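In what follows, a single structure is set out as structure tokens and then discussed.
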Amino acid sequence: MKTFNQHINKELETIKEFTGATSGSTVLRKVLNEGYSTYDFTFKSGSTICIAEVKTRDCFSFTYQDTILELMKVSNMFNKVSEFKDKYNNEFKPVFLVKFTDGLFLIDMSSAATTMSIKACPQHTASNGNNKYINKTLVHYKMSDAIKLN
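Our numbering puts the sequence shown at residues 2 to 151.
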């Protein structure tokens, strides 16, 4: 089992890899990956500010046809995008950055096709081994909609 700090450190490595893979085309703005935040970091691509969720998976990108995020996380990100659009004079969109063992992939959550399911999942991402399982609604993003960055 990974501790929460190990989990956060792994995601910070993925964000660092993202900045290297997109050097020149994106500008890292703010990293919020300090706990149970709505999203993990923001970056600017052209005139659009992206709010990004990061996941680091221990499998190949082709192991499954899709990759998942909890519906609560997805809903919170879309709500934050709406809030930012109302508050600031910029274009915002939510994105999903996923590190697999064979590369780094970016999914535009505002345009990708999705399906949903309910599955028993650990209550928390990282734990001390005493994590209980609860039913969560999951949003599935097709890997065919992802852009491979490296």
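Glycine included, each C-beta is placed from N, C-alpha and C at the ideal position.
Source: prediction; values computed, not measured.
Which same chain residues, not among the five before or five after residue i, have their C-beta less than 8 Å away from its C-beta?
| i | result |
| --- | --- |
| His141 | Asp67, Thr68, Ile69, Thr115, Thr116, Met117, Ser118 |
| Thr78 | According to the sequence shown, residue 78 is Met rather than Thr. These residues qualify, in order along the chain: Thr39, Tyr40, Ile52, Glu54, Pro95, Met110. |
| Glu92 | Ser48, Thr49, Ile50, Lys86 |
What does the alpha-carbon distance come out to for the pair residue i and residue j?
| i | j | result |
| --- | --- | --- |
| Asn80 | Thr64 | 31 Å |
| Thr23 | Leu150 | 7 Å |
| Thr52 | Pro95 | According to the sequence as given, residue 52 is Ile; it is not Thr. Looking at the two C-alpha atoms, the distance is approximately 5 Å. |
| Phe106 | Ile148 | 5 Å |
| Met2 | Asn90 | Interpretation of Met2 is limited by its pLDDT of 44, a score under 50 that renders its predicted location unreliable; no figure is taken from the coordinates. |
| Val55 | Ser112 | 18 Å |
| Lys11 | Thr57 | 7 Å |
| Lys31 | Glu84 | 17 Å |
| Tyr134 | Val75 | 20 Å |
| Thr27 | Glu18 | 13 Å |
| Ile108 | Asn132 | 29 Å |
| His125 | Phe42 | 20 Å |
| Lys88 | Gly104 | 35 Å |
With a CB to CB cut of under 6 Å and the five nearest residues on each side skipped, what residues in its chain are close to residue i?
| i | result |
| --- | --- |
| Leu29 | Thr20, Phe44 |
| Lys100 | Thr15, Thr57 |
| Val82 | Phe93, Pro95 |
| Ser145 | none |
So, is the C-beta of residue i closer than 8 Å to a C-beta in chain B?
| i | result |
| --- | --- |
| Lys133 | No chain B is present in this structure, which holds just one protein chain. |
Smallest Cα separation from residue i: which of the options?
| i | options | result |
| --- | --- | --- |
| Gly25 | Gly47, Asp41, Phe61, Tyr40 | Gly47 |
| Pro123 | Asn136, Asn10, Lys17 | Asn136 |
| Asp59 | Lys120, Leu13, Thr102, Thr138 | Thr102 |
| Leu72 | Lys133, Glu92, Phe97 | Phe97 |
| Lys120 | Thr138, Lys133, Ile108 | Thr138 |
| Lys143 | Val75, Ser62, Lys74, Asn132 | Ser62 |
request  = Let me know the beta strand (DSSP E) ranges lying completely inside the segment 2–61, each 3 residues or longer, listed in chain order.
outcome  = 28–32, 42–46, 49–57
query = Enumerated in chain order, which unbroken segments of the beta strand (DSSP E) with a length of 3 residues or greater are wholly contained in the segment 95–138?
reply = 104–109, 115–123
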